[in-house]
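Chemist: I'd like to ask some things about the structure below.
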Amino acid sequence: MENLEIAKTTLLENDYSIVLVKENEIVNTSRKNGLLPILDLYNNDKSILESAIVADKVIGKAAALILKEANIKELYAKLISENAIELLDKTNIKYKYNKKVREIRNRDNTDICPMEELALESNNADELIKKIKEKFN
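Just so you know, we're using this note's numbering here: the sequence shown kicks off at 1391 and counts up by one.
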């Protein structure tokens, strides 16, 4: 089984929110919600993301921006936004997805996800993370 298939299957069969695979080995999983698993990895051990194969339930522009900066190799998204696709198309990251949406919505589906909104105003991961900290801390 290929790395991306391992990541995707593990994500879907175990109800994880994110799975990282390197050299056919699962190196990280999480069931945390939202952008938190990607933020934790990026802030605490960015090297684990470098050249990793990532499967995630939801990829908006915020997640895509951080994963791009972390130099991941491949990505599977169960749900992906058009803004994330637009960003990924400008990289060398190979990606596949199950469902594409115009934008990632907030938890009660009344508006755009606040992380996606902040990402639309950000040029890189560090700028985005700074905006997230300012808004939520």
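All C-beta atoms, glycine included, are put in the ideal place defined by N, C-alpha and C.
Specify, as a first and last residue, the run of the beta strand (DSSP E) that residue 1471 falls within.
Modeler: 1464-1471
Chemist: Are the CB atoms of residue 1462 and residue 1411 nearer to each other than 7 Å?
Modeler: no
Chemist: Pick out the complete beta strand (DSSP E) segments inside the stretch 1416-1456, 3 residues or longer, and give them in chain order.
Modeler: List check, beta strand (DSSP E) in window: 1443-1449.
Chemist: Count the other CB atoms within 10 Å of the CB of residue 1446; is the residue buried (16 or more) or exposed (fewer)?
Modeler: buried
Chemist: Is the number of C-beta pairs between the stretch 1455-1475 and the stretch 1502-1515 that are closer than 8 Å three or more?
Modeler: yes
Chemist: Residues in its own chain within less than 8 Å of residue 1440 by CB, not counting five upstream and five downstream?
Modeler: Excluding positions up to five away in sequence, the list reads 1460, 1461, 1462.
Chemist: Is residue 1409 buried or exposed, if buried means 16 or more other CB atoms sit within 10 Å of its CB?
Modeler: buried
Chemist: Mind checking whether residue 1431 and residue 1515 have CB atoms under 7 Å apart?
Modeler: no
Chemist: Below 6 Å CB to CB, which residues in the same chain sit around residue 1419 once its five sequence neighbours on both sides are set aside?
Modeler: 1406, 1409
Chemist: Taking only three categories from DSSP, how would you classify residue 1502?
Modeler: strand
Chemist: Under the three-state reduction of DSSP, which class applies to residue 1482: helix, strand or coil?
Modeler: coil
Chemist: Pick out whichever of 1488, 1429, 1434 has its Cα sitting closest to the Cα of residue 1457.
Modeler: Ranking the options by Cα distance to residue 1457, first place goes to 1429.
Chemist: Select from 1479, 1480, 1426 the residue whose C-alpha is nearest the C-alpha of residue 1523.
Modeler: 1426
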